[in-house]
Amino acid sequence: MSLSASEFYKAGLALPPSVRKDVALRLLESIEITDQESVDEAWTDEISTRLDDLLSGKVGTIPGEQVFAELAARRAARQAARNA
Numbered sequence: 741m742s743l744s745a746s747e748f749y750k751a752g753l754a755l756p757p758s759v760r761k762d763v764a765l766r767l768l769e770s771i772e773i774t775d776q777e778s779v780d781e782a783w784t785d786e787i788s789t790r791l792d793d794l795l796s797g798k799v800g801t802i803p804g805e806q807v808f809a810e811l812a813a814r815r816a817a818r819q820a821a822r823n824a
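Note that this note's numbering has the sequence shown beginning at 741, numbered continuously upward.
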């Protein structure tokens with residue numbers, strides 16, 4: 741007998757929380773990336789590309805204080821719009 745996803749979900753909700761957690765973690769582990777080496781290689785390539793762009797002047801940096809100030813201003817403006 742095979743359960744549909746909806747039936748499986750409903751059956752899972754009937755389990756005690758500790759068992760649900762164990763099942764959820766085991767299901768997640770079953771779909772995690774197994775080829776960590778290729779993931780690491782892709783990240784190394786991405787980091788290298790970004791560093792090359794930075795060193796060549798193709799892209800620039802923005803001081804963290806400026807970034808956080810701009811984010812705070814956006815948040816304040818959004819909050820003011822909600823309260824208007």
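C-beta: ideal position from N, C-alpha, C; glycine also.
Please read all numbers here as calculations on a predicted model, not as lab measurements.
Below 8 Å on the Cβ atoms is my contact criterion, and I expect residue i with residue j to pass it. Report the Cβ-Cβ distance as a whole number of Å.
{"i": "A751", "j": "L743", "result": "7 Å"}
Compute the minimum distance between the beta carbon of residue i and the heavy atoms of the ligand SAH, and state whether it is under 7 Å.
{"i": "S778", "result": "With respect to small molecules bound, the structure shown includes none, and the ligand SAH cannot be examined in it."}
Residue i: which of the options sits nearest, CA to CA?
{"i": "A745", "options": "V759, L767, T801", "result": "L767"}
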